[in-house]
Amino acid sequence: MPITDDMIIEATKELYSRALRKVPEDAKTAIAAAMQTETNETARRTLELQLKSAELAEKKDTFVCSDSGFPTYFVKVGSKAELDCDFKASIRKGYEVLVDTIQPPLLKHVTNPITLERGYHGKDMPIVSYDFESGADYVEILCSPKALGSGRWAALELFTFPSLETIETYILDVAIKAGAQHCPPVIMGVGIGGSFDHCAGLAKKQTLRPIGQKNPDPTLAAMEERLTKAVNGLGFGPMGTGGDTTVLGVHVDFSSGHGFTPVAVCFNCWINRRARVRMWGDGRMEWSE
Amino acid sequence: MSVTEHDLKLPLTDESVRDLKVGDFVYLTGEIFTTAGLPTHDRLLKCLDGEEDLPFDMTGGALFHLGSLNEEAEDGSLSIIYINPTTSTRFNGHMPRLIPGLGLRVTGGKGGLDAACARTMAENGCVYLSFLGGGAPILTAGIRKVTGIGWPEMISHYRIARIEVERLGPLTVGIDAHGNSIYDQTSDLAHDKRAEILAEMNSAREGTQA
């Protein structure tokens, strides 16, 4: 039995809704852990308030944040998955159904960058990227609604044969520039290398990696540890009102490239909106995050 | 270090504004105004230029950078489904005129305002309160009644909503009326620490590479 359009429509609609309502368990665990080590009393209370807001949103079945952002989806198609669906049309349809039916309703955040008009729909919405998974018999879709709050502080710079020191200095400077603005404690995603466009994608995907999972590459793991300590040493703290907890983690990945090395940095705010589903041809849908 | 909590009634008195210190927690009861719109802030400036009438007299009041999903029912009754802060630094260019022009004693949102705004606030006896981003369920629970919606022709979160709140909070004092700004303090400190932090990173890196 194949994966159908109806399943894709259901997944698109439900993932967005879930991402707006539920702070992922790993983010809650990381915030709770930070409360134990945070030395600033105002910061500790802000972290506590964040956990309370997450809990209340689940209890009341409402949004954690009023800014639902715009929808982005990452689709991974297993090479052994049986398909009878039009991904592009069904994802668009799923988003339309969501806008028409979600309770509470969304605010109009989809923005035309040329006219600055805002609505629910627009050119190229939702933003979707596709990838393959060798050997998998399922389709996986991940939804990551993105808004201005943390979205606007992402940055990308191009270097030629940079040292690790140069790269890490740049990452720290991006964190200093973002400062108090991105609803900390955040997850920082870092991409290094590849091409300009690929590098930005690497950074973004790193913000979606489970929090607290050690990087299997020892060089990157050490880098992540150094950068986490460094950014937290800056002292911006939860919601930028001071403290030891500015990042819950810095996640780094790289790709081989040429002598020009793009370095991309982006952020996910403390609510870490992301929701994921795996679907099989027999109709099973496994939701996670 | 203990944190001071204030349970305040709006409009704030001169004394209660001056009593607030950065890092204090505040709960507010009374009337507030909210908007998350950049076009709204542009339009408010035009009102100060005399091009249009203000939808509300906000003198001595509180205008917050909060977006809301508001509705007017067929019977004319108003409601708000949820509220939540937006990034205040987007309005750095507006607030030095709006604070004295509208006569604001309180403003707020998330992320703070710049040093020029903090100076204006000190001169005019105004404080900035930080709301929890992603705090919609907590903040919405503080709403008692919606008493007015200004500029209803704009999209929901751009409109100016007049709301009666009860123990809205907790909110953190980010900029007090004495010119102290948590945002300037933390930013200055981060810049001061940068060289030291980079040196620590370098020695840690050499340690792992040795």
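Same order as they appear, the protein sequences are chains A and B.
Numbering of the first sequence is given in our numbering, commencing with residue 688 and proceeding in unit increments.
Numbering of the second sequence is given in our numbering, commencing with residue 769 and proceeding in unit increments.
For each residue, glycine too, the CB sits at the ideal point set by N, CA and C.
**OP:** Measure the CB-CB distance between A862/A and I965/B and report whether it falls below 7 angstroms.
**Re:** In this structure, the beta-carbon distance from A862/A to I965/B does not fall below 7 angstroms.
Original post:
When DSSP labels each residue in this structure, what does C815/B get in the three-state scheme?
Top reply: helix
Original post:
Hey, would you say G947/B sits closer than 7 angstroms to A890/B, going by beta carbons?
Top reply: yes
Original post:
Roughly how many angstroms separate the alpha carbons of R887/B and P920/B, rounded to a whole number?
Top reply: 33 angstroms
Subject >> Residue-level contact to chain B via CB, T932/A, 7 angstroms cutoff >> reply: no
**OP:** Can you give me the start and stop residues for the alpha helix (DSSP H) that N919/A sits inside?
**Re:** 905-920
Subject >> Nearest candidate by alpha-carbon position, reference T853/A, set I923/B, L957/B, R973/B, L813/B >> reply: Out of I923/B, L957/B, R973/B, L813/B, R973/B has the C-alpha closest to the C-alpha of T853/A.
**OP:** With a threshold of 16 other CB atoms inside 10 Å of the CB of A719/A, please say whether the residue is buried or exposed.
**Re:** exposed
Subject >> CA-to-CA distance, A698/A to I828/A, given in whole angstroms >> reply: 8 angstroms
Subject >> Local conformation of I958/A per DSSP, three classes >> reply: coil
**OP:** Using a Cβ cut-off of 8 angstroms, pull out every chain E residue sitting near T772/B, in sequence order please.
**Re:** Within the model displayed, chain E is absent; protein chains A and B are what it includes.
**OP:** With 9 angstroms as the limit, tell me which residues of the segment 746-773 of chain A have their beta carbon closer than that to any beta carbon of chain B; keep them in chain order.
**Re:** Contact annotation: in the segment 746-773 of chain A, residues whose CB is within less than 9 angstroms of a CB in chain B are K746, K747, T749, F750, V751, C752, S753, D754.
Original post:
Residues bridged to V964/A by DSSP?
Top reply: I828/A, W974/A, per the DSSP bridge assignment.
Original post:
How would you label S850/A, buried or exposed, when you count the other beta carbons within 10 angstroms and need 16 or more for buried?
Top reply: exposed
Subject >> Within-7 angstroms CB hit, M826/B to chain A >> reply: no
Original post:
Does any CB atom of chain A fall closer than 7 angstroms to the CB of Y896/B?
Top reply: Judged by the 7 angstroms Cβ criterion, Y896/B is not in contact with chain A.
Subject >> Neighbouring residues, chain A, relative to A904/B (Cβ below 8 angstroms) >> reply: Those within 8 angstroms of A904/B in chain A are S740, A744, T749, F750, V751, C752, S753.
Subject >> N-terminal and C-terminal residue of the beta strand (DSSP E) that V933/B is part of >> reply: From DSSP, the beta strand (DSSP E) with V933/B extends over 928-943.
**OP:** Along the alpha helix (DSSP H) that carries T857/B, what are the first and last residues, could you check?
**Re:** Premise fails: T857/B is in no alpha helix (DSSP H) and is neither H nor E.
Original post:
Considering only the beta carbon of each residue, do V895/B and V771/B sit closer than 7 angstroms?
Top reply: no
Subject >> For N838/B, the nearest candidate out of D944/B, H925/B, G901/B (CA to CA) >> reply: For N838/B, the closest alpha carbon among the candidates D944/B, H925/B, G901/B is that of H925/B.
Subject >> Chain-order list of residues whose beta-carbon lies under 6 angstroms from that of Y817/A (same chain, five-residue window excluded) >> reply: V762
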